[in-house]
Amino acid sequence: ATDLRIFVTDMKDAALASTGMSGRAIVQDGDNQIVLALTPAAPNVLAAPLAAPLAKDAKIAVSATIVKDAKPVQARFVVK
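Shown next as structure tokens:
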């Protein structure tokens, strides 16, 4: 994939509109670390372009602000 996509859902796994949300992702891919600005993509996605596909075991830390609550949320992922 040439983009990073974060699907935004509530605690019941229902889609939340990403309009107006903002965020960033810090990606550790081997020895490389990149910071990506996440932007809303319809309907419930925060996305950022990648220069190249991520390798297996790349680590991703996401920080985003949910418009509905104006509270920051954080998540961590590992590419499988």
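If you're matching positions, the sequence shown starts at 43 in the working numbering and goes up one per residue.
Just so it is clear, CB atoms sit at the ideal spot from N, CA and C, and this is done for glycine as well.
When you compare only the Cα positions, how much space is there between residue i and residue j?
i	j	result
L78	V50	17 angstroms
I68	P85	23 angstroms
A103	A59	21 angstroms
P114	K98	28 angstroms
K101	V109	26 angstroms
Taking its Cβ as the centre, do 16 or more other Cβ atoms sit within 10 Å of residue i, making it buried, or is it exposed?
i	result
A56	exposed
G62	exposed
G72	exposed
A43	exposed
V112	Just to set this straight, residue 112 is Ala in the shown sequence, not Val. Under this definition A112 is an exposed residue.
Residues in its own chain within less than 8 angstroms of residue i by CB, not counting five upstream and five downstream?
i	result
I48	G65, A67, L80, V87, L88, A89, V104, A106, A117
P95	A43, T44
Provide the residue(s) that pair with residue i in DSSP beta bridges, ordered along the chain.
i	result
T51	A57
T107	S64, P114
V120	K101
L46	A90
Excluding five sequence neighbours on each side, which residues of the same chain lie with their C-beta closer than 7 angstroms to the C-beta of residue i?
i	result
I76	V69
D45	A89, A90, P91, L92
Just to confirm the assignment: which complete beta strand (DSSP E) runs, minimum length 3, are found wholly within the region 57-91? 64-71, 74-83, 87-91
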